[in-house]
Amino acid sequence: AEDGYELWLRHARMDPEAAAFPTGFMLDCETNSPTLNIISDELQSAFMAMTGSELVRHDKLEDGTLILSSTQCSGSLQSDLEAVESDEGYIIRSENGEEIGHTLIGAKTDIGLLYGVFDYLRQVASEADLTKLDITQAPAIDLRVLNHWDDLNGHVERGFSGESIWDWFRMPDYMSPRYTDYARANASVGINGTVLTNVNADATVLTPRYLEKVAALADVFRPYGIKVYLTARFSAPMELDGLETADPRNSDVQEWWKTKADEIYEYIPDFGGFLVKANSEGQPGPQDYDRDHAEGANMLADAVAPNGGVVMWRAFVYSAEEPDDRVKQAYDEFVPLDGKFRDNVLVQSKNGPLDFQPREPIHPLFGGMEKTPVMLELQLTKEYLGFSTHLAYLGPMWEEVLDTDTHVKKEDASVADIVDGKTFNHKLSGIAGVANIGRDRNWAGSIFDQANWYAFGRLAWNPKLSSSSIAEEWIDQTFDLSNAGEETVLSMMMGSREAVVDYMTPLGLTHLMGTGHHYGPGPWVDDLGRADWNPYYYHRATADEIGFDRTKTGSNALAQYAKPLRKKWSNLETVPDNLLLWFHRVGWDYEMKSGLTLWQEMVRHYDRGVDAVAKMQSDWLNLEGEIDAERYQQISDFLGIQHKEAKWWRDASLAYWMSINGLELPEGSAQPE
Ligand code: GCW
């Protein structure tokens with residue numbers, strides 16, 4: 050049975066007549082490396098699966114051969130390859146000479162070649178004309194990393210697909226083949242780094258017993274081009290070696306980190322560096338000693354610099370004091386530090402200023418820091434979008450973020466341009482995805498959540514790709530559907546995130562999830578220790594009004610954005626409906642662009658969200674028989690859960706709003722069950 054373990058690398062059987070499949074392949078010159086062996090195996094097993102016959106390895110050119118050249122052997126592609134900016138780039142080109150037709154895949158490095166081969170296989174799966182390939186690719190972003198929020202005891206924070214895949218107990222003596230499959234899946238979409246441990250860090254991972262295990266993983270990942278990173282707990286010198294302080298100005302502390310970094314590099318010569326969450330949600334950090342984030346980050350940066358490591362310092366901070374508006378804090382703390390960070394530090398910011406909500410405006414740190422590379426952190430694990438049971442393809446959300454123009458310059462200042470380093474000419478660039486991977490057979494908890502992992506990798510490689518083209522690729526490789534079936538799945542995916550926004554947090558509302566679990570509705574909760582943990586802090590609904598005023602008359606968080614954005618979002622005429630209550634406080638009878646009152650419009654969104662899920666359910670029924678039974682059934686059952694819970698969200702939310710505004714349900718809206 051198909052249970053999803055193969056991900057998008059299923060290599061379904063194809064019609065042997067359908068394409069000009071290669072007759073064999075050859076490596077351009079006699080080199081050998083673990084990566085080249087992987088490439089050969091990958092090609093051979095893929096073609097065996099797709100065509101049922103062996104792709105023979107030739108040692109001389111024959112008609113129809115696929116020619117692979119890497120490093121010094123890039124033959125006729127040599128000069129074109131020189132123009133490819135990155136060592137990870139590649140060229141795929143069909144050459145149709147007089148008699149001999151063949152395809153060349155060339156790269157400057159073996160890893161580039163591996164990426165090229167995965168791309169080639171993707172072309173095959175999407176039925177591209179294999180005699181007309183002319184592809185030149187290089188990644189736009191340097192560091193394309195997954196962030197695992199995995200604890201050493203196997204628990205995954207906000208993980209909805211089983212326990213951690215890292216079996217710390219059995220490593221390094223037993224290295225599950227799953228680690229290889231993990232590396233292969235990541236490499237197939239260009240992911241080149243992985244942070245193994247939770248940002249709420251445990252210093253134990255920095256001890257020799259664990260470093261040995263980390264090194265064993267790094268050995269598995271290396272031939273796939275994937276580097277390993279760890280989270281560094283700021284107080285580690287105290288916890289592991291009894292130092293009295295972790296003050297970054299203390300020379301013993303500095304020395305401790307240098308020695309620790311050197312020790313790590315002995316185990317893992319290509320260790321990527323550290324990811325740090327400091328002074329946020331109770332985590333230790335430099336502010337415990339009245340030092341700022343730059344001092345903290347720089348101490349660690351100095352420790353890894355001699356070996357080429359980086360520090361990814363998170364900007365998801367919110368402090369012990371209750372703020373007037375929590376969404377302002379990161380900008381307020383970090384922007385004054387711009388220019389103070391070492392050049393191997395990246396500041397890592399979530400896409401929005403709050404916390405991975407179904408919809409937020411962009412974080413003002415994108416564009417807010419000119420001298421510091423700001424890394425984008427996305428969340429693949431859907432903490433606030435229904436975990437792994439609700440279908441929500443996140444491609445459109447990430448596209449919305451990446452395409453948003455920060456307006457900090459006249460041109461080339463979209464979030465994608467900021468993140469890939471173009472806007473301010475940064476040498477280093479990075480993007481992180483909080484992984485949705487666990488020990489479930491299907492890796493991600495559901496089949497459609499695999500698409501979020503896939504889309505993250507593809508956007509990390511090229512943040513300008515469209516989310517629908519990525520979905521199409523994924524569908525081609527994940528199912529074998531009729532054209533009509535493909536259309537159906539595509540439209541389900543493309544509308545799915547907006548459906549979640551509609552039934553959970555329409556019109557710019559936010560953080561209405563039940564506290565702690567973040568799954569179901571809880572807009573009424575108001576007994577939590579801090580004001581900014583209670584949903585009321587965000588919706589502020591009273592009998593007359595709802596919404597958070599972030600204009601000048603309110604918290605003025607809008608001042609953190611460049612003028613064109615500030616103007617657009619502070620004006621009720623120009624703010625889009627979908628961010629209205631994020632930035633404004635209006636009456637329940639406020640007249641919307643549609644002519645409806647706010648209340649009517651809101652109810653319409655809740656209904657629309659539920660209807661969209663019902664539509665996905667009925668669409669899916671049409672695919673019975675086109676998809677293997679096990680995957681079909683799981684998706685079908687999950688859509689059932691989603692439909693039930695979308696109604697729960699709508700009914701519970703509306704009942705709550707009605708208890709506050711005293712209004713009736715508008716005529717024609719769905720009645721609660
Ligand atoms: O979204 C919140 C989560 C926490 C998480 C934190 C963070 C790792 O609820 O579980 O902690 O963000 O990003 O640091």
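Numbers given in the UniProt record's numbering equal positions in the sequence shown, counted from 1, plus 49.
Backbone N, C-alpha and C define an ideal beta-carbon position, used for all residues, glycine too.
Item, Value
"At least three beta-carbon pairs within less than 8 angstroms, the segment 189-199 to the segment 243-260", "yes"
"CB contact flag (Asp530, Leu621, <9 angstroms)", "Here residue 530 is Leu; the residue named in the question, Asp, does not match the sequence. Not in contact: Leu530 and Leu621 (Cβ atoms no closer than 9 angstroms)."
"Arg363 CB to nearest heavy atom of the ligand GCW below 8 angstroms", "yes"
"C-alpha distance - Ile88 paired with Leu163, whole-angstrom precision", "6 angstroms"
"Check: Phe405 C-beta below 8 angstroms from any heavy atom of the ligand GCW", "yes"
"Close beta carbons around Phe283, own chain, < 6 angstroms, minus the five adjacent residues each side", "Ala295, Ala327, Pro333, Gly334"
"Three-way DSSP call (helix, strand, coil) for Asp454 in this model", "strand"
"Beta-carbon proximity check, Trp447 vs Ser516, cutoff 9 angstroms", "yes"
"Nearest neighbour of Ala177, chosen from Glu522, His456, Gln499, Leu514 [CA to CA]", "Glu522"
"Rounded straight-line distance, which links the Cα of Leu451 to that of Thr472", "13 angstroms"
"Reduced DSSP secondary structure (H/G/I, E/B, other) of Ser128", "helix"
"Contact test: Trp198 Cβ vs the ligand GCW heavy atom, cutoff 8 angstroms", "yes"
"Residue environment, Lys420, which counts as buried when at least 16 other CB atoms sit within 10 Å", "exposed"
"Outcome for Arg171 when other beta-carbon atoms lying within 10 angstroms are tallied against a minimum of 16", "buried"
"Distance cut-off 8 angstroms: Asn202 Cβ against heavy atoms of the ligand GCW", "no"
"Ala156 vs His60 beta-carbon contact at 9 angstroms", "no"
"Limits of the beta strand (DSSP E) - the one that Ala533 falls within", "Looking at the DSSP string, Ala533 is not in any beta strand (DSSP E); the run it does join, the alpha helix (DSSP H), is 532-553."
"Continuous beta strand (DSSP E) stretch holding Gly563: start and end", "No beta strand (DSSP E) contains Gly563, which DSSP labels as neither H nor E."
"Validate contact between the segment 410-427 and the segment 385-398 using beta carbons, cut 8 angstroms, 3 pairs", "yes"
"Glu206 versus Trp502, Gly401, Ala250, Ser225, residue with shortest Cα-Cα distance", "Ala250"
"Collapsed DSSP secondary structure at Arg634 in the structure displayed", "strand"
"Contacts around Ala580, its chain only, beta-carbon distance under 8 angstroms, and the 5 residues preceding and following it disregarded", "Glu371, Tyr586"
"Whole-number beta carbon distance between Met543 and Pro445, since they are thought to touch under 8 angstroms", "6 angstroms"
"The ligand GCW heavy atom lying under 8 angstroms from the CB of Asn400", "no"
"Contact check, Val662 vs Ala719, beta carbons under 9 angstroms", "no"
"Candidates Ile140, Leu56, Gly150, Cys78, of which the one nearest Pro71 by Cα", "Gly150"
"Ala234 to Leu58 span [Cα, whole Å]", "8 angstroms"
"Inter-residue Cα distance where the pair is Arg106 and Asn86", "12 angstroms"
"Identified DSSP bridge partners for Val105", "Gly73"
"Residues of its chain near Ile709, where Cβ-Cβ distance is below 6 angstroms and the 5 sequence neighbours each way are ignored", "Ala590"
"Option nearest Gly161 by Cα separation, candidates Thr180, Ile140, Glu144", "Ile140"
"Length at least 3, wholly inside the segment 224-275: the beta strand (DSSP E) runs in chain order", "242-244"
"Same chain, Cβ closer than 6 angstroms to Phe270, neighbours up to 5 away in sequence not counted", "Ala232"
"In chain order, each alpha helix (DSSP H) run of at least 4 residues that lies wholly inside the segment 414-483", "444-452, 464-468"
"beta-carbon Glu722 near the ligand NAD non-hydrogen atom, thresh 8 angstroms", "With respect to the ligand NAD, the structure shown offers nothing to examine, as its ligands consist of the ligand GCW."
"Cβ pair His439, Gln691 closer than 9 angstroms", "yes"
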